[in-house]
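Student: Residue numbers (our numbering): 92 to 324.
Ideal placement from N, C-alpha and C gives every residue a C-beta, glycine not left out.
Sharing a structure with you now.
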Ligand SMILES: [Zn+2]
């Protein structure tokens, strides 16, 4: 359609919070892109068999252009820096750590939070549960996907929250389980991993996304415009 690469990359980046481009796209799905050539599009819509996603451009008071859903929020969520109330960090993200059980030096690409047995563990951000099961050395663990690029892992839990299953949706701050010492663990703590594009990153230093909202004073106007665009389609 003559859309430049930069715009296509932007569209993929924005929608990757709602659509997994490796798995979700099906023949017959449609993208609607509204705008003038050579300027950022004003509206991006994905229409698939299972879901529809629509975002609208909005410029904030600092002049930054962003894309927001009709609720006035960006598709990307905010992340908690730590997914529980902990006592202290017992092991940081490090490439060489002497493992207390295996007695060897190995990388620890995670953060260990020492906390009392039974301390509630929260989902770090809105997402979908990928696994909720016993997994070898990780013990009882929960894996949550956030968009298609982020994954968080919570290990050594004593038990899971009731009612959560693989493919359940969770909200940031929702209790997903409780601190324990299952799997390869010497005492109650949470082993927490942050994955970005399949690689483990340091949860203490990684620049995490922070959800943005259309300012309250602009929201009515923004939503009116968005609704009129949808109606005209
Ligand atoms: Zn650990």
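Classify residue 229: buried if its beta carbon has 16 or more other beta carbons within 10 angstroms, exposed otherwise.
Tutor: By one-based count along the chain shown, residue 229 stands at place 138. So residue 229 ends up on the buried side.
Student: Over what stretch of residues does the alpha helix (DSSP H) that includes residue 203 continue unbroken?
Tutor: Within the chain shown, numbered from 1, the residue matching residue 203 stands at position 112. Counting along the chain, residue 203 falls outside any alpha helix (DSSP H), though it belongs to the beta strand (DSSP E) covering 202–205.
Student: For residue 206, verify whether its CB is less than 8 Å away from any heavy atom of ligand 1.
Tutor: Sequence index remark: in the chain shown, residue 206 carries index 115 (1-based). No, since every heavy atom of ligand 1 falls outside the 8 Å radius drawn around the Cβ of residue 206.
Student: For the region 97–110 against the region 135–142, do three or more pairs of beta-carbon atoms, one drawn from each stretch, fall closer than 8 Å, so that the two count as touching?
Tutor: yes
Student: Give me, in chain order, the residues of the same chain whose beta-carbon lies closer than 6 Å to that of residue 178; leave out the 5 immediate sequence neighbours on both sides.
Tutor: Position 87 of the chain shown, counted from the start, is the residue given in the question as residue 178. If we look at residue 178 and ignore the five residues flanking it on each side, its Cβ neighbours are 205 and 206.
Student: Does ligand 1 have even one heavy atom less than 8 Å from the beta-carbon of residue 151?
Tutor: Position 60 of the chain shown holds residue 151. Every heavy atom of ligand 1 is 8 Å or more from the Cβ of residue 151, so no.
Student: Do the CB positions of residue 160 and residue 225 come within less than 9 Å of each other?
Tutor: Counting from one through the chain shown, the residue named residue 160 turns up at place 69. Counting from one through the chain shown, the residue named residue 225 turns up at place 134. No. Outside cutoff.
Student: State the DSSP-derived secondary structure class of residue 94, mapped to helix, strand or coil.
Tutor: Start at 1 with the first residue of the chain shown, and residue 94 comes out as number 3. When DSSP states are grouped into helix, strand and coil, residue 94 belongs to the coil group.
Student: Along the chain, where does the beta strand (DSSP E) containing residue 131 start, and where does it finish?
Tutor: In the chain shown, residue 131 corresponds to position 40, counting from 1. Here residue 131 belongs to no beta strand (DSSP E), and DSSP marks it neither H nor E.
Student: Given a threshold of 16 other Cβ atoms within 10 Å of its Cβ, counted over all protein chains shown, does residue 117 qualify as buried or as exposed?
Tutor: Working through the chain shown from its first residue, we reach residue 117 at position 26. That one is exposed.
Student: Measuring CB atoms only, is the region 252–268 touching the region 185–200, in the sense that at least three cross pairs come out at less than 8 Å?
Tutor: These segments do not touch.
Student: Taking just the CA atoms, how far does residue 93 sit from residue 213?
Tutor: Residue numbering aside, residue 213 sits at position 122 when the chain shown is read from its first letter. Residue numbering aside, residue 93 sits at position 2 when the chain shown is read from its first letter. Taking the straight line joining both Cα atoms gives about 45 Å.
Student: Regarding residue 344 and ligand 1, is the C-beta to nearest heavy atom distance less than 8 Å?
Tutor: The structure shown has nothing for residue 344, since the chain only spans 92 to 324.
Student: Measure the CB-CB distance between residue 249 and residue 216 and report whether it falls below 9 Å.
Tutor: Here residue 249 refers to the residue found at position 158 of the chain shown. Here residue 216 refers to the residue found at position 125 of the chain shown. No, Cβ-Cβ distance for residue 249 and residue 216 is not below 9 Å.
Student: So, residue 266 versus residue 252, is the Cβ gap smaller than 9 Å?
Tutor: Position 175 of the chain shown holds residue 266. Position 161 of the chain shown holds residue 252. Yes, they are a contact pair.
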